[in-house]
């Protein structure tokens, strides 16, 4: 009886350990929609800071902090959606390079997350020039990956 | 000179105060895509907790907390996207009731956010039954609005 429980426990553990990232999505299309949705919402909140630093919206220090913090949460999410077999040849979509150069892609994601952490800190200084500089660095990190891993 | 500055300051303030929610979106379609994207990502993370409480995935207390906290951030976002003039008659999309009964809709959103806050607390108890109960209450709050404000 104890042995059977142990076997069951090991089976559960093995399933948990070997659970691929894809397992959280029922279909590959869900993973694609998940990452695209997350990126869209993240871009929206990043863009609200962009409007402030580019003078298209009044500078609102509290809103900048809130938006930067929202970006920081969203920045951690989409990468789970880059599951195998979801490359595209369509313009603006993820290219096969995401998977053939996955370490570079992951490093790019990490770089973006690091710059976003700095953006949150910059927003909290309540200094528009500091915010603007940090915004630019995040933008570069975004562009770096988009240039290399998105079909042009 | 001082008077002109005062006038300018008042103008800026008035612009900020009267800035409609729509102003953060360039086009109504962007607002619709924003709210749909946010809801999709939120549903995904809520669904990961659902898989645990319904026995389709192993119970992982830390992951449950992380997912609940992610839902809590996402739960605050989509409602800014319900801008005027974006009702639909299509099945599964937002009906005109969102705008004709806006106070009820906003109360429904608040109810969901309150239940999500309880979900976070429940996840932190590390008790699957407690999590399951809180999950059910959030689900009811979701369904309440979907039944009343989404085309059937």
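Chains as they are written, first to last, in this note's numbering: chain A, 88 to 239; chain B, 88 to 239.
Cβ atoms here follow ideal geometry from the backbone N, Cα and C, with glycine treated the same way.
Alpha carbon of residue i to alpha carbon of residue j, nearest angstrom
| i | j | result |
| --- | --- | --- |
| residue 159 of chain B | residue 128 of chain B | 12 Å |
| residue 145 of chain A | residue 177 of chain A | 37 Å |
| residue 150 of chain A | residue 118 of chain B | 18 Å |
| residue 163 of chain B | residue 166 of chain A | 22 Å |
| residue 134 of chain A | residue 141 of chain A | 10 Å |
| residue 213 of chain B | residue 216 of chain A | 44 Å |
| residue 210 of chain B | residue 155 of chain B | 7 Å |
| residue 222 of chain A | residue 231 of chain A | 14 Å |
| residue 237 of chain A | residue 229 of chain A | 11 Å |
| residue 152 of chain A | residue 199 of chain A | 17 Å |
| residue 136 of chain A | residue 208 of chain B | 31 Å |
| residue 226 of chain A | residue 148 of chain B | 35 Å |
Cβ-based neighbour list, residue i, same chain, cut-off 7 Å, excluding 5 preceding and 5 following
| i | result |
| --- | --- |
| residue 188 of chain A | none |
| residue 138 of chain A | 144 |
| residue 186 of chain A | 171, 174 |
| residue 157 of chain B | 132 |
| residue 122 of chain A | 165, 168, 169 |
| residue 219 of chain A | 140 |
Exposure label - residue i; buried when at least 16 CB within 10 Å
| i | result |
| --- | --- |
| residue 183 of chain A | exposed |
| residue 234 of chain A | exposed |
| residue 113 of chain A | exposed |
| residue 190 of chain B | exposed |
| residue 126 of chain B | buried |
| residue 116 of chain B | exposed |
| residue 179 of chain B | exposed |
| residue 111 of chain B | buried |
Bridge-paired residues (DSSP) for residue i
| i | result |
| --- | --- |
| residue 135 of chain A | For residue 135 of chain A, which the question treats as bridged, DSSP gives no partner whatsoever. |
| residue 237 of chain B | B/181 |
Spatial neighbours of residue i in its chain, beta-carbon cut-off 6 Å, leaving aside the 5 residues before and after
| i | result |
| --- | --- |
| residue 224 of chain B | 202 |
| residue 120 of chain A | none |
| residue 205 of chain B | 221 |
4-residue-minimum alpha helix (DSSP H) runs that sit fully inside the region 166–230 of chain A, ordered along the chain: Runs of the alpha helix (DSSP H) inside the region 166–230 of chain A: 184–187, 189–211.
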